[in-house]
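Have a look at the structure below, then the notes.
Here it is in structure tokens:
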């Protein structure tokens, strides 16, 4: 049985890219994970996906998860989940916000850090599991971090986010990531 990975109900770039990147990581670790989304993607997210070869791989819309195994990314509040979330088995949560009000009946993997972006947490998960990051995945992660941290100007941005962007830029061979981020914000 596949496990579904998704972000919050009004998906931003972090939650969409996070569903893709976390699914990729989990698949590399031997789990069968499918990235999904709860809502429509933004023009900014379309820009990111197209830039890194995922324009035709937009995660499928999935608004019901009863009876399913799931990973949540970029949220942990019931209000941001499908209405039937308590009928699913939550295997894990990856987030950079406060711990929300979701509870589980089973143990779960939980990566919640006080940093600027969930994709920074996913980057740390790749490193902790010693999984190589492909160029396209690295590029999308880098852009999601730049979006969520508003190119490092957000008060939630940390040195961990900045370091992750610089390392991801090397992997995806992007010399001027700030200029690319400005293109993204123009689209937004």
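Residue numbers (the working numbering): 28 to 215. Just so it is clear, CB atoms sit at the ideal spot from N, CA and C, and this is done for glycine as well. For clarity, every value in this text was computed on a predicted model and none was experimentally measured.
- Rounded to whole angstroms, residue 184 and residue 170 show a C-alpha spacing of 14 Å.
- In this structure the stretch 84-98 touches the stretch 59-71; the number of beta carbon pairs closer than 8 Å is three or more.
- Here DSSP, grouped into helix, strand and coil, assigns residue 145 to helix.
- Counted as a single uninterrupted DSSP element, the stretch harbouring residue 159 is not any beta strand (DSSP E), since DSSP gives it neither H nor E.
- Boundaries of the alpha helix (DSSP H) harbouring residue 204: 204-214, taken from the DSSP string.
- Within the DSSP bridge table, the entry for residue 62 names 32 as partners.
- In the DSSP assignment, residue 187 falls within the alpha helix (DSSP H) that extends over 186-199.
- In the displayed model, residue 81 falls within coil according to three-state DSSP, outside both helix and strand.
- With a beta-carbon spacing of about 14 Å, residue 121 and residue 31 fall beyond the 8 Å limit used to define contacts.
- With fewer than 16 other CB atoms across the displayed protein chains lying within 10 angstroms of its CB, residue 134 is exposed.
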